[in-house]
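K.L.:
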Amino acid sequence: MNQDIIISVIEMLGTFAFAISGIRHAAAKQFDWFGGYVCGIAVAIGGGTIRDVMLSTTPFWMTTPIYMICTAVALITVAFFGRWMEPLKNAWFVFDTFGLALFTIAGIQKSLAFDQPFWVAIIMGCITGSAGGVIRDVLLNNEPVIFHKEIYAMACVLGGLVYWLCILTELPAEISAILTFAIICLIRFLAVRYHISLPILRDV
Amino acid sequence: MNQDIIISVIEMLGTFAFAISGIRHAAAKQFDWFGGYVCGIAVAIGGGTIRDVMLSTTPFWMTTPIYMICTAVALITVAFFGRWMEPLKNAWFVFDTFGLALFTIAGIQKSLAFDQPFWVAIIMGCITGSAGGVIRDVLLNNEPVIFHKEIYAMACVLGGLVYWLCILTELPAEISAILTFAIICLIRFLAVRYHISLPILRDV
Amino acid sequence: MNQDIIISVIEMLGTFAFAISGIRHAAAKQFDWFGGYVCGIAVAIGGGTIRDVMLSTTPFWMTTPIYMICTAVALITVAFFGRWMEPLKNAWFVFDTFGLALFTIAGIQKSLAFDQPFWVAIIMGCITGSAGGVIRDVLLNNEPVIFHKEIYAMACVLGGLVYWLCILTELPAEISAILTFAIICLIRFLAVRYHISLPILRDV
């Protein structure tokens, strides 16, 4: 019961932070409110929607309006209180990382519930956590930032491998999820703190 | 019976105008005939395809070749009679607006027929009417025009709300559809006539 | 039996060549290893995934990890042996063309197996063969190359028409497939050798 509340709170904070990320990128391109809302929604629900379409199930956001409402609140926040957001940037980063970790775990668990093998579940976890940002960059006509900046999606992949190991060693699902959550957040925090990137491909 | 014919005529005019829009944008980027055809198709069927995938049903264009043929006619029109199109631009604008209104209503009605709640149906109506243009802009490597120009997708959302109100007040479906059609066209005409846009998001 | 082995070998060569194409384009944009892998995957499985989503079936790559492994091998090849790839460019071109032909035929046959009419099957064959390259270009923020370069996707369409003719004249499926394969490869080789393009659309 308490656990469900904690998960719901993290999910809403993560959705809010994801939506903020989309809306702020849209603002940097002088988009209007509608464009900002669509970019916010794209980040907040894009990854999970791709996952659900591939799993041949109804996209998760069609079962409750909470994600639409949460993005609307994020839009109002940026539109009216945008100037006060800059000092809070560490908070957004932390919420965004929590969202990344939680969405990755949710993607893995949902895929396993649909009887997918573990390697598919890890890919789906990675898509759930990071594909929304790619859609945002495509809509904004930018090169996807996760393809050449600090480690982001690889944190989801490594977290997925940790989850797999936990399940293989028969740890209970809750402990596995908490461990995975901690690992993804840790990798992301370290990557940004120390500017850790993957090697760049040489042009050939 | 007569009513079905009217709807079919509007649908073909709308599909034709949507395809023309994609093909002309492709021509502005020096695409070849194939590229033009794909951009035309993208505008004509892109939104409805996303809707149908999310509703877990077969994309509507796979059940009849009429949309492919209509786009082929549009391609031939632009390729051979392009120079005579400029004076007709008001006609394209009117057809395009008719298409927007009709596709929005079709998207709402199909979603309701699939037992979706009304707020999902309005989103699906908006996607049906306007997502094709976004796909066109993504394929052409442009910033999506509906995110920073005159009101376009918001006309679908407002039309959807009107349709909802009509149904809530137990108006018959046909009257509701005609009213919604009129509202969407009116908003779009006024928006373009008086350059009405949504507020731009400030960069934060 | 032997025939299955030949098809599997061509499929792996084609997947490898498609993945190489995505990874090399990513390298030209200074993407990191993860970005390269995603672009490689996008070319290798993007078209088939769109086809499977439209046919309302599970994407083919979720049933075996072979495509993920093949793309990983391609990534290692580019990352470590990239400097030796230039002299082999004719080999990549040949493999890529084999992949295009084989994927087109596979797309047609799978669509027919799902009881789609032939005109849908030809479109699906074209999507299976060429949509991956479009997704790559969208992710890389380039204009899709198949919309304004030598004939590429039209080879799939023409190959599909040949396959249709063969089936109409009641040729056995294997002979039809071999003929179609040969035609697609021939058109592609001739198009590149003699720089044959479709006409460009005039800006109107």
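Protein chains in written order, with the working numbering: chain E, -1 to 202; chain S, -1 to 202; chain W, -1 to 202.
For every residue, glycine included, the Cβ atom is placed at its ideal position computed from N, Cα and C.
1. Can you list, in chain order, the residues of its chain with a C-beta nearer than 6 Å to that of Ile8(E)? Leave out the 5 residues immediately preceding and following it.
2. Measuring straight from C-alpha to C-alpha, what distance separates Ala153(W) and Leu196(E)?
3. To the nearest angstrom, how far is the alpha carbon of Ala111(W) from that of Ser54(S)?
4. For Ser195(S), which residues does DSSP report across the bridge?
5. Looking at the unbroken alpha helix (DSSP H) that takes in Asn88(S), where does it start and where does it end?
6. State yes or no: is the C-beta of Ala72(S) within less than 8 Å of the C-beta of Leu199(W)?
7. Verify whether the separation of the beta carbon atoms of Ile48(W) and Thr69(W) is less than 8 Å.
8. Kindly list the residues whose CB is nearer than 7 Å to the CB of Tyr65(E), restricted to its own chain and excluding five residues on each side of it in sequence; keep chain order.
9. Using a Cβ cut-off of 9 Å, pull out every chain B residue sitting near Glu9(E), in sequence order please.
10. I'd like the list of long-range same chain contacts for Ile194(E), defined as Cβ closer than 7 Å, with 5 residues on each side in sequence excluded.
11. For the alpha helix (DSSP H) containing Ser54(W), name the first residue and the last one.
12. Check Asp201(E) in the structure and name its three-state DSSP category.
13. At least one CB of chain E closer than 8 Å to the CB of Leu138(W): is that the case?
14. For a quick check, are the C-beta atoms of Ser128(E) and Ile106(E) less than 8 Å apart?
15. What does the Cβ neighbour count give for Phe78(S), buried or exposed, with the cut at 16 atoms within 10 Å?
16. Within 8 Å (strictly less), CB to CB, does Phe14(W) reach chain E?
17. Nearest-angstrom Cα distance between Met83(W) and Ile182(S)?
18. Residues of the stretch 133 to 166 of chain E with a CB closer than 9 Å to any CB of chain W: list them in chain order, please.
19. Could you check whether Lys27(E) and Glu141(S) sit closer than 8 Å to each other, using their CB atoms as the reference points?
20. Buried or exposed, going by whether 16 or more other CB atoms sit within 10 Å of the CB of Ala180(S)?
21. Hey, does Arg200(W) have any beta-carbon neighbour from chain S nearer than 8 Å?
22. What does the alpha-carbon distance come out to for the pair Leu163(S) and Thr75(E)?
23. Using a C-beta cutoff of 8 Å, does Asp2(S) count as contacting chain W?
24. Chain S beta carbons: is any one of them nearer than 8 Å to that of Val118(W)?
25. Suppose you measure from the CA of Trp203(W) to the CA of Leu11(W); what does that come to, to the nearest Å?
26. Whose Cβ in chain S lies nearer than 7 Å to the Cβ of Leu208(W)?
27. Would you call the CB atoms of Val160(W) and Cys124(W) closer than 8 Å?
28. What residues in the stretch 35 to 55 of chain S have a beta carbon less than 8 Å from any beta carbon of chain W?
29. Which residues of chain W have a Cβ atom closer than 8 Å to the Cβ of Gln114(E), listed in chain order?
30. Out of curiosity, what's the CA-to-CA distance linking Gly46(S) and Ser109(S)?
31. With distance defined between alpha-carbon atoms, name the residue in Arg191(E), Arg134(E) and Asn139(E) nearest to Cys37(E).
32. Cβ atoms of Thr178(S) and Gly157(S): under 8 Å apart, would you say?
33. Please report the straight-line C-alpha distance between Phe32(W) and Ile185(S), rounded to a whole angstrom.
34. State the Cα-Cα distance for the pair Ile21(S) and Thr56(W), rounded to the nearest angstrom.
P.N.:
In terms of the structure at hand:
1. Phe96 and Leu100
2. 38 Å
3. 19 Å
4. Glu148(S)
5. Lys87 to Ala111
6. no
7. no
8. Thr13, Ala42, Ile43 and Trp59
9. No chain B appears in the structure shown, which is made up of the protein chains E, S and W.
10. Glu148, Ile149 and Leu188
11. Premise fails: Ser54(W) is in no alpha helix (DSSP H) and is neither H nor E.
12. coil
13. yes
14. no
15. exposed
16. no
17. 56 Å
18. Asp135, Val136, Asn139, Asn140, Glu141, Pro142, Ile144, Phe145, His146, Lys147, Ile149, Tyr150, Ala151, Met152 and Val155
19. yes
20. exposed
21. yes
22. 29 Å
23. no
24. yes
25. Here chain W has residues from -1 to 202 only, and residue 203(W) is not among them.
26. Because chain W here runs from -1 to 202, residue 208(W) falls outside it and cannot be looked at.
27. no
28. Val36, Cys37, Thr47, Val51, Ser54 and Thr55
29. Met60
30. 11 Å
31. Arg134(E)
32. yes
33. 45 Å
34. 33 Å
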